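This report refers to the structure that appears directly beneath it.
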Amino acid sequence: MDELSIERFRSCVNSVLVNDAERALGYDDSEGYAPFRRWVASYMNARGVECSEENILIVAGYQQGLALVARALLDPADTALVEDPTFPDTPNALRLYGATVQGIPLGETGPDVGVLTEVVSSRRPKLICVTPLWQNPTGIVMSRDVRKALLALAEQYGFIIVEDGFTDEFCYSGRLIPPLSAEDRCCRVVYVGSMSKLLFGGLRLGWVVASKALVRVLTLIKQASMLCHSPLLQAACHQFCELGYLENHIVRVRKILSVRRDAMVQAMEEYFPDGVTWRAAEGGLSTWVTLPRGVDSDQVAAECARGGAVVAPGRPFSLYGRTTNNLRMSYSLCREDMIRQGVKIVGDVLKRMT
Ligand SMILES: Cc1ncc(COP(=O)(O)O)c(C=O)c1O
């Protein structure tokens with residue numbers, strides 16, 4: 004974790020307790036701490052998304068945001084779509100409400116538009132969950148054409164797009180790509196942002212950007228299980244953002260991530276055997292590795308773990324077992340020397356098993 008940001012966050016918590024303890028330690032609005040909601044609205048405005056405080060609901064992160072949207076929109080007979088492969092907790096949240104989850108295969112530029120068109124016209128889904136930037140696990144970035152097609156289909160068939168923006172800011176070039184939500188002219192996109200990867204996962208803070216009507220419904224659902232998020236943490240986080248510390252943090256983390264990505268790629272080039280390929284994205288937290296067909300990444304991951312390297316096998320990311328020969332290798336939490344060591348362990352295992 005970033006020491007400077009920890010220190011700065013500590014000073015923000017102290018300052019809130021010194022200056023505003025009564026409010027910070029009492030109950031607060033279910034929609035979220037008002038100054039923080041206002042900050043989120045202006046932050047999203049700066050990213051091209053038209054919204055005001057009333058379009059923002061503070062949640063505990065992406066997972067709660069998605070669960071609330073799913074609870075609000077899905078009935079047991081409904082179909083919900085996800086990218087395939089995807090972050091496994093996304094289909095899990097959708098299934099909780101009885102929906103049938105269908106995966107749309109991912110191509111190099113996002114969900115396959117041909118398959119998507121056919122599925123939305125035959126199944127009439129209520130919603131689709133997408134991560135347009137640095138998709139987890141593949142690192143794929145949705146192209147302009149796919150964005151356009153997805154928005155047009157959502158408008159034509161009336162489904163909601165849940166946009167997961169969990170690492171949008173970790174674009175190594177520093178040239179931020181606007182969220183899909185910024186191109187939405189028909190209120191079809193619900194954006195979910197999270198402080199989990201952006202700052203600290205333990206804050207359990209994120210936000211939903213949706214129509215005012217949907218925010219009201221989501222607030223009622225949230226109220227049924229929690230009255231509010233910690234005003235202390237929201238106020239401290241708000242101060243952290245207002246003082247420019249978040250922006251500063253993002254710039255530092257971007258640099259660290261890009262150096263680590265380079266270290267991983269360099270080590271892969273050195274240690275990986277022929278026949279193994281990978282996608283190293285220009286943003287995000289991990290690389291997506293493809294092993295020769297027939298090589299089982301569960302076995303590879305188990306063997307790597309025995310050698311001391313942690314990699315995620317591909318199987319849990321696909322609804323249909325499409326990724327049994329893939330590995331997701333994360334570099335976000337390791338220093339360059341550890342990355343090199345880890346990739347060497349994986350390379351040795353791959354040389355034995357492929
Ligand atoms: C694709 C994706 N979205 C969102 C998140 C963050 O979830 P949360 O905000 O609930 O911590 C993660 C965390 O691993 C993730 O992989």
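Using the working numbering, the letters of the sequence shown map in sequence onto residues 4 to 357.
Even glycine gets a Cβ: it sits at the ideal position worked out from N, Cα and C.
Just so you know, these numbers come straight off a predicted model, no measurement behind them.
N-terminal and C-terminal residue of the beta strand (DSSP E) that residue i is part of
i    : result
E166 : I163 to D167
I59  : I59 to V62
W291 : S289 to T293
W210 : G209 to V212
Q138 : No beta strand (DSSP E) contains Q138, which DSSP labels as neither H nor E.
Y194 : V192 to S197
E306 : It is not in any beta strand (DSSP E) - E306 instead sits in the alpha helix (DSSP H) that spans S300 to G310.
T103 : T103 to G110
Residue i CB to nearest heavy atom of ligand 1 below 7 Å
i    : result
D167 : yes
F203 : no
K258 : no
N329 : no
T134 : yes
F320 : no
Q66  : yes
N3   : Outside the shown range of the chain, which is 4 to 357, sits residue 3, and nothing can be said about it.
F243 : no
G209 : yes
S197 : yes
K200 : yes
F90  : yes
Element boundaries [alpha helix (DSSP H), containing residue i]
i    : result
S124 : V116 to R126
C244 : P234 to E245
Y46  : A37 to A49
E158 : R147 to Y160
L230 : That residue, L230, is in no alpha helix (DSSP H); it is neither H nor E in DSSP.
A96  : D92 to R98
For residue j and residue i, believed in contact at Cβ under 8 Å, the rounded distance
i    : j    : result
V298 : T357 : 5 Å
F169 : Y65  : 6 Å
K347 : P276 : The pair is not a contact, with the Cβ atoms about 12 Å apart (cut-off 8 Å).
E158 : R191 : 6 Å
V193 : G209 : Between G209 and V193 the Cβ distance is about 12 Å, and since that is not below 8 Å, they are no contact.
P94  : L322 : 6 Å
K225 : L71  : 6 Å
A83  : A102 : 4 Å
V149 : V116 : 6 Å
Assigned secondary structure, residue i (DSSP; H/G/I helix, E/B strand, else coil)
i    : result
W281 : strand
L336 : coil
L77  : coil
D171 : coil
L322 : coil
E273 : helix
G113 : strand
D351 : helix
V85  : strand
R331 : strand
C15  : helix
G345 : helix
G317 : coil
L28  : coil
G286 : strand
L130 : strand
M356 : helix
L202 : coil
E250 : helix
S361 : No answer is possible for residue 361: the residues shown for the chain start at 4 and end at 357.
M4   : coil
S176 : coil
S55  : coil
E34  : coil
R255 : helix
R296 : coil
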